[in-house]
Each structure stands twice: as structure tokens, then as C-alpha cells.
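If you use our numbering, the sequence shown corresponds to residues 1 to 331, in order.
All residues carry an ideal CB built from backbone N, CA and C; glycine is no exception.
Remember, predicted model here, so these are calculated numbers, not experimental data.
Taking it in order: structure first as C-alpha cells, then the write-up.
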Amino acid sequence: MSTTQTPAGLTLPRRLRRLRRSDAMRAMVRETHLSPDSLMLPLFVCEGEGVRREVSSMPGVFNLSIDEAVKEAAAARADGIRSVLLFGLPDDKDDVGSSAYDPNAPVQSAVRALKREVPDVLIVTDVCLCEYTDHGHCGLIIDGEIANDPSVEQLVRAAVSHAAAGADIVAPSDMMDGRVAAIRRALDDRGHDQVAIMSYAAKYCSAFYGPFREAAGSAPKFGDRRSHQMDPANAHEALREVEQDIAEGADLVLVKPAVAYLDVIRRVKDAFGYPTAAYHVSGEYAMLKAAARNGWIDETRAMMETLIGIRRAGADIIITYYARDAARLLG
Ligand code: PBG
Numbered sequence: 001m002s003t004t005q006t007p008a009g010l011t012l013p014r015r016l017r018r019l020r021r022s023d024a025m026r027a028m029v030r031e032t033h034l035s036p037d038s039l040m041l042p043l044f045v046c047e048g049e050g051v052r053r054e055v056s057s058m059p060g061v062f063n064l065s066i067d068e069a070v071k072e073a074a075a076a077r078a079d080g081i082r083s084v085l086l087f088g089l090p091d092d093k094d095d096v097g098s099s100a101y102d103p104n105a106p107v108q109s110a111v112r113a114l115k116r117e118v119p120d121v122l123i124v125t126d127v128c129l130c131e132y133t134d135h136g137h138c139g140l141i142i143d144g145e146i147a148n149d150p151s152v153e154q155l156v157r158a159a160v161s162h163a164a165a166g167a168d169i170v171a172p173s174d175m176m177d178g179r180v181a182a183i184r185r186a187l188d189d190r191g192h193d194q195v196a197i198m199s200y201a202a203k204y205c206s207a208f209y210g211p212f213r214e215a216a217g218s219a220p221k222f223g224d225r226r227s228h229q230m231d232p233a234n235a236h237e238a239l240r241e242v243e244q245d246i247a248e249g250a251d252l253v254l255v256k257p258a259v260a261y262l263d264v265i266r267r268v269k270d271a272f273g274y275p276t277a278a279y280h281v282s283g284e285y286a287m288l289k290a291a292a293r294n295g296w297i298d299e300t301r302a303m304m305e306t307l308i309g310i311r312r313a314g315a316d317i318i319i320t321y322y323a324r325d326a327a328r329l330l331g
């Protein structure tokens, strides 16, 4: 038994387990708390009506037509969830991603429907081109490269169309340089100065996005995303990315993925003190689901441990496909 010296000079055995003896004791000294207020649910909105198609690599996650997305958001609200993040799955794609700013595309239509039907749920929209380009890249391809500034122009159009539809927050996830400033300026010029920007500031080039690309039909047809998404080995660079996006006008910053980047979340929160989101991504969800389905882990406990770990690392907001399950448990 290790001992400790009291201020009065007594040598006493150190019994750290005293504070773990009962549920009430553990609750009283708990340092980190999860609340449904900080959980954001991603929704994949597709064309059609009455569509509710499960994503095979993400059990419990669906491609939803707008009517079904409204039902899902209302059910999530009943569970305690107060924000949703929308991704669009348009039927028509082209090489410049023009359906990203079509006012009648799934995301824009869903924003209007959700604002009408579940007005107290915050609507956040993903701003990227990869779901809208036929080649699946996040930007325009010119001379075999993803061209930064022309891509930013397209992203600005998408963000403005989401704001015009009524989005509360636009969330650029493309990792082009300068897009936060360009989006901020365009929103302000068009009277959307109250629409916030949550920038995917430190988004890593990750294998854990695999199932999402099935869900959103956004896998690149050739090449990869290493020319714009970050190298998993870098943390100082993440701080530069976050600093830059804050300087450009981001209201909230995001680190993605979450579990393999807990140190980055902590450093971003400590360095800037900004509202910080972490995205518990598709592959992280799929791993837990797969292990649970095999009977290898207790899914509920593993889910809550993962979410509390992300929160303990410093995330204020957690974007997770488990949002509804966790909110129900938190009751
Ligand atoms: C890009 C985008 C991606 C994700 C969110 N926004 C995919 C990518 O960069 O390839 C991944 C989310 C997840 O894996 O859950 N629009």
C-alpha cells in the first residue's frame, strides 16, 4: 500500500478507492458529463418519397427521403437531440458539382421542410462537393489537380443556397484554403450575417471515412484526398489550420475523426477556447457495431465510454451516428 504524508506530518495509507464505493459517490465526483444538448445527429438526405434505405456498413443509419428525414429529426428531437447535420445525395452529378447549389436539391428542400416541421431543431448543413461531383472529389479538377480557388467559388454558392433555404449553421468540410473567409463574406453580403460557420478545420485524411462514402456515394473515382486533407501524423499543423479558420471568421471549429485524434481535440480546445466539435465518424461507428454484432463487446458501454472520452478530451459538441441511442440512455 502506498502512503501519503498529511500536512500535519502523519503517514497514512492512500485509499483512492474510497470515492468509488457507490453509485452516488461516483456520481458526486464525476468530472465529465455528457448531455444530449452536445450531440449532433448526421442525416443523409436523398431524392424520392418514402425512402428509408439502410447503409449496409452502418447498421441503424439510413438514406432518407425528405419526408423520412423529417420523421427521423422529429423522433431524434423526442429523444432529446437538438441539432442535425445534413448531407445530400442528389440523383444528378456533374464535373463541377452544380447540384450542390440547386435550390431544389435534397439538402435545400430538407432544410425548408425541417424548419417548417421541427422548428426547434438546429439545422447544420455539410458544405462540400464530393457528394455532387461525378468524379467524387471535393473540388474542381483542373489539369489533374484539385484546383483550390475555383472550388471555393462553388462552395460559396452551396453555402449561400443552404443559408437561403434557412440553415442555422453551414459546415464546410472540403479543406480548401480560404473557404471560410469567402463563405463568411458571401453570407454577409446577402443578408445571412446570422448564419454561423462550423469549419471542419482539422480534418485528417482518414481510412475511417470508408462507410460514409458508401452512405453518401462520394468515394473518389480515382486518386485520394491527400492533397487537401491533413496528414494523420501532424498536430502542430492542426493548430495552424484552426487558427487560420478562426481568423477567417469560423464560429465553431471541428476536429475529425475523433477517437484517433483525442490529443488534437485537447490541444485545439486549450489553445483557442473556441466551441469545439469532434466528429465520431462512420468507420469509428462501424467498428463498434461490427464488434458488438459479433458479441465481442458490450455496445452500450463501449458507445458511452467512447463518447465520454471524446468529451473528456475537450469536445463541446460530438457529431455521432449514436446520437439518438446515447440521448435515450441519458434520458
Ligand atoms: C465530405 C465529408 C466526409 C465526411 C464528412 N464530410 C467524407 C470525406 O471526406 O471523404 C465523413 C464523415 C464520416 O465518415 O462519418 N463531404
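If you draw a straight line from the C-alpha of residue i to the C-alpha of residue j, how long is it?
i      : j      : result
Ala165 : Ser22  : 51 Å
Glu47  : Ser218 : 16 Å
Ser206 : Arg267 : 19 Å
Asp270 : Leu86  : 29 Å
Asp149 : Ala202 : 19 Å
Glu214 : Asp91  : 15 Å
Thr320 : Leu12  : 45 Å
Arg179 : Gly295 : 44 Å
Ile310 : Asp298 : 18 Å
Gln229 : Lys289 : 26 Å
Ala238 : Pro7   : 43 Å
Ser109 : Val70  : 11 Å
Ala158 : Val51  : 24 Å
Arg30  : Ala24  : 10 Å
Val264 : Ala235 : 6 Å
Ala171 : Arg301 : 30 Å
Thr3   : Arg20  : 19 Å
Met28  : Ser35  : 16 Å
Met304 : Arg293 : 17 Å
Thr306 : Leu330 : 14 Å
Who are the near neighbours of residue i in its chain, counting only those whose CB is closer than 8 Å to its CB and skipping five residues on each side?
i      : result
Gly223 : His137
Val253 : Met198, Ser199, Ala201, Ala202, Val242, Asp245, Ile246, Val268, Phe272, Tyr274, Pro275, Thr276 and Ala277
Val281 : Ser206, Phe208, Tyr209, Phe212, Lys256, Pro257 and Ala258
Thr32  : Ile308, Arg311 and Arg312
Ala75  : Arg324
Ala147 : Gly139, Leu140 and Ile141
Val55  : Phe44, Val61, Phe62, Asn63, Pro211, Glu214 and Ala215
Arg14  : Met1, Ser2, Thr3 and Thr4
For residue i, which residues of its own chain have a beta-carbon under 6 Å away from its beta-carbon, when the five flanking residues on both sides are left out?
i      : result
Pro232 : Tyr204
Val259 : Glu284
Pro220 : Gly136 and His137
Asp251 : Ala196 and Ile197
Ile169 : Val124, Ala196 and Met198
Ala323 : Leu39, Leu41 and Ile81
Asp79  : Arg324, Ala327 and Arg328
Ala291 : Ile297
Cys128 : Cys138, Ser173 and Asp174
Glu117 : Val70
Hey, could you find the ends of the beta strand (DSSP E) residue i is sitting in?
i      : result
Val70  : First-last for Val70: Ile66 to Asp79, but that is the alpha helix (DSSP H), not the beta strand (DSSP E).
Asp102 : No beta strand (DSSP E) contains Asp102, which DSSP labels as neither H nor E.
Glu54  : Arg52 to Val55
Ser83  : Ser83 to Leu89
Tyr279 : Thr276 to His280
Leu41  : Leu39 to Cys46
Leu12  : Thr11 to Pro13
Thr3   : Thr3 to Gln5
Thr320 : Ile317 to Thr320
Leaving out five residues before and five after residue i in sequence, what residues of the same chain have Cβ atoms less than 7 Å from its Cβ?
i      : result
Gln5   : Thr11
Arg225 : Cys138 and Cys205
Tyr360 : Residue 360 lies beyond the stretch modelled for the chain, which goes from 1 to 331, so this question has no answer here.
Gln154 : Val96, Gly97, Ala100, Leu129 and Leu140
Asp67  : Glu49 and Gly50
Just curious, the alpha helix (DSSP H) that residue i is in, first and last residue?
i      : result
Ile310 : Glu299 to Arg312
Val268 : Leu262 to Phe272
Arg324 : Ala323 to Leu330
Arg26  : Asp23 to Met28
Alpha helix (DSSP H) runs wholly inside the segment 166–252, at least 4 long, in chain order = If one requires a minimum length of 4 residues, the alpha helix (DSSP H) runs lying completely within the segment 166–252 are 179–189, 210–216 and 236–247, in chain order.
Do the segment 187–195 and the segment 154–165 make contact, defined as three or more Cβ pairs closer than 8 Å?
-> Put simply, the segment 187–195 touches the segment 154–165. At least three CB pairs are less than 8 Å apart.
Touch check for the segment 35–46 and the segment 61–68: three-plus C-beta pairs under 8 Å?
-> Using a C-beta cut-off of 8 Å, the segment 35–46 makes contact with the segment 61–68, since at least three inter-stretch Cβ pairs fall below that distance.
Let me know the beta strand (DSSP E) ranges lying completely inside the segment 116–158, each 3 residues or longer, listed in chain order.
-> 122–127, 140–142 and 145–147, all fully within the segment 116–158.
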